[in-house]
Structures are given as structure tokens and as C-alpha cells.
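Student: All residue numbers for the sequence shown refer to this note's numbering, where the first residue is 1 and numbers rise by one.
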Amino acid sequence: MAIKIDKKIVSYSVHKADQAENKAAAPAADIIQMHETLERPDVLIGSTYKLKTPEHVSAHAMYITINDIVLNEGTEHELRRPFEVFINSKNMDHFQWIVALTRIMSAVFRKGGDVTFLVEELHSVFDPRGGYWNKGQFMPSLISEIGDVIEKHLIKIGMLKSNEPDEHQKKLIEMKRAELENAQRQSEDSADEESSGGQFPDTAELCTKCHHKAAIMMDGCMTCLNCGDSKCG
Ligand SMILES: [Zn+2]
1 MAIKIDKKIV SYSVHKADQA ENKAAAPAAD IIQMHETLER PDVLIGSTYK
51 LKTPEHVSAH AMYITINDIV LNEGTEHELR RPFEVFINSK NMDHFQWIVA
101 LTRIMSAVFR KGGDVTFLVE ELHSVFDPRG GYWNKGQFMP SLISEIGDVI
151 EKHLIKIGML KSNEPDEHQK KLIEMKRAEL ENAQRQSEDS ADEESSGGQF
201 PDTAELCTKC HHKAAIMMDG CMTCLNCGDS KCG
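Set out below in C-alpha cells:
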């Protein structure tokens, strides 16, 4: 069917095949998504994470509280989404930056959509003084460690996938571990096994993926005994 256009074309939009179907399939316009005009309920579900950095980074622990809102509760569209974040500490050194950071993060949370990019943004912040070690994990900065906490939370509420090694990676880790132990036994002295107190060998290098000092060279391949990341697995 031909349509004669006798007026000036002032705008256009591309018709998407699934647009009409979507409208039909979801008559429930009452599915609530996260958006900034959503009113804050009186009660939110909170999780508080304690972040204890080494003394020279911050003498006092930080407490990171993330409050979640539950949307469409009790329906099949039930969603738990972060709504606001607060950071408390006795340490006032970083106070103004922390307040600015948490306000901006809360605003991003309330905008809705995919907020998981925040984790990557925070992880990519490097402290010009060189970062630090916390429980066997290298932290490029305090901000990056805050990113870790946010990531942990988003995994908990199902917005991000867990970075636990999968079945394949677990097998690889076990295999590499066994190989390494064998090799160590053959090279006689296993006296200083526990010297670093860690679960990874002293010779392990920093894994670029999980930032644990757990990557070992075996059969010409770097393999991480913590997260299973391997260049040839
Ligand atoms: Zn790793």
C-alpha cells in the first residue's frame, strides 16, 4: 500500500517490530521499575558492611550502609534495588569526599537502570600513593575497596553474578594446586610452607583479575589459585 506524503516531514522514528507486541504482552503497566520520582518508603532494608583498612590508610573502620527498596513485592516481578548508601567513620580525613561520593551514588541508584557500572568505575580508581594490601588482596585505593563492598552487595541482591570460580575453574585450581604441591615435595624442603600465613604459595604473583597474590606459573601458564583466572585454561 502506497502512502502519499503531502506534508513536510518534520520528524521520524523507526518502527520496531516488538514494540507493539511488548505493549500487548505487558498490560501490567503497574510493574514498577526504579526511577527517580519514586517516593522513598518509610522503611527500607539495610545492610551494613564493615570495612577495616590497614592503619596507615584509615585508623578507624568504615561502615558502609546500603538501603534497598523492594519493588513489586510479592509478585513475580519482585525486584530488590539499592536505593541509598551511607558511609560512617570516626575518621574525618576523607569526610567531604565520602559524603559527595555517597550522595552521587545514591542519586545514580535512584535513577534506576543498570547501576552495576559503578563497581567498575570505583575499581578503576588508583591511589597515587600506591594502594595497599588487605587480607591478601591488593587494593588499588580506598575507593576501590568501597567498590568491592558495593559489588558484594549487588551480588547479594542478584544484580551482579558472583565471581566465585565456576565448576570448570574449581577443577583447574585443584589440579594446579596438586601439581604445585607435588613439585614442592620433590624439591625437598617444605619447611617454610606456612611462612606467609596465607593459603597461597610465597612465590605467587598478583592476579590481575581478583587482585590476590595467588597467580602461579605452571606449564608456561599463569593460573590464579584464588579465582581460577588462567591465560590458557
Ligand atoms: Zn585471581
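In this text, a Cβ means the ideal position worked out from N, Cα and C, and glycines have one as well.
#1: Hey, how far is the Cα of VAL14 from the Cα of ASP114?
#2: Report the rounded CA-to-CA distance for GLU194 versus CYS207, giving the unit in angstroms.
#3: What number of angstroms, rounded off, separates the C-alpha of LEU255 from the C-alpha of ILE146?
#4: Report the three-state DSSP secondary structure of HIS212 (helix, strand or coil).
#5: If we count the other Cβ atoms within 10 Å of its Cβ and call it buried at 16 or more, is PHE109 buried or exposed?
#6: Are ILE87 and ILE64 closer than 8 angstroms when you measure CB to CB?
#7: If I follow the unbroken alpha helix (DSSP H) through LYS170, where does it start and stop?
#8: Can you tell me whether CYS232 is buried or exposed, with buried defined as 16 or more other CB within 10 angstroms of its CB?
#9: Reducing DSSP to helix, strand and coil, say where GLN199 ends up.
#10: I want to check one thing, is the minimum distance from the CB of CYS232 to the heavy atoms of ligand 1 below 7 angstroms?
#11: Once DSSP output is grouped into helix, strand and coil, what is the label at HIS123?
#12: Given this structure, state the Cα-to-Cα distance separating ASP192 from THR203, to the nearest angstrom.
#13: Can you tell me whether SER11 is buried or exposed? The criterion is at least 16 other CB atoms within 10 Å of its CB, across all chains shown.
#14: Tell me whether HIS212 counts as near ligand 2, meaning its Cβ is closer than 7 angstroms to at least one heavy atom of that ligand.
#15: If I measure Cβ to Cβ from LEU71 and keep anything under 6 angstroms in the same chain, skipping five residues before and after, which residues do I get?
#16: Out of ALA2, LYS171, LEU101 and TRP133, state which residue places its alpha-carbon closest to the alpha-carbon of SER245.
Tutor: The answer reads as follows:
#1: Within the sequence shown, the letter at position 14 stands for residue 14. Within the sequence shown, the letter at position 114 stands for residue 114. C-alpha separation (whole angstroms): 24 angstroms.
#2: Here residue 194 corresponds to residue number 194 of the sequence shown, with the count starting at 1. Here residue 207 corresponds to residue number 207 of the sequence shown, with the count starting at 1. Because GLU194 sits at a pLDDT of 43, beneath the cut-off of 50, its placement in the model cannot be relied upon, and the point is left open.
#3: Outside the shown range of the chain, which is 1 to 233, sits residue 255, and nothing can be said about it.
#4: As a working note, residue 212 is residue 212 in the sequence shown. Three-state result, HIS212: strand.
#5: Position 109 of the sequence shown holds residue 109. Flag for PHE109 reads buried.
#6: Reading the sequence shown from its first residue, position 87 is the one you call residue 87. Reading the sequence shown from its first residue, position 64 is the one you call residue 64. Contact flag set, yes.
#7: For the purposes of this step, residue 170 is taken as the residue at position 170 of the sequence shown. First-last of the alpha helix (DSSP H) with LYS170: 167-186.
#8: The sequence position of residue 232 within the sequence shown is 232, counting from 1. CYS232 should be labelled exposed.
#9: For the purposes of this step, residue 199 is taken as residue 199 along the sequence shown, with counting starting at 1. Here GLN199 sits in coil by DSSP.
#10: Within the sequence shown, the letter at position 232 stands for residue 232. No, since every heavy atom of ligand 1 falls outside the 7 angstroms radius drawn around the Cβ of CYS232.
#11: The residue labelled residue 123 in the question sits at position 123 within the sequence shown. It is helical.
#12: Counting from one through the sequence shown, the residue named residue 192 turns up at place 192. Counting from one through the sequence shown, the residue named residue 203 turns up at place 203. Interpretation of ASP192 is limited by its pLDDT of 48, a score under 50 that renders its predicted location unreliable; the figure taken from the coordinates is listed afterwards. Using only the alpha carbons, I get a separation of about 12 angstroms.
#13: The residue labelled residue 11 in the question sits at position 11 within the sequence shown. Label assigned to SER11: exposed.
#14: Ligand 2 is not among the ligands present in this structure, which contains only ligand 1.
#15: Translated into positions along the sequence shown, residue 71 becomes position 71. Result list for LEU71: ILE32 and LEU79, in chain order.
#16: Outside the displayed span of the chain (1 to 233) sits residue 245, for which this structure offers no information.
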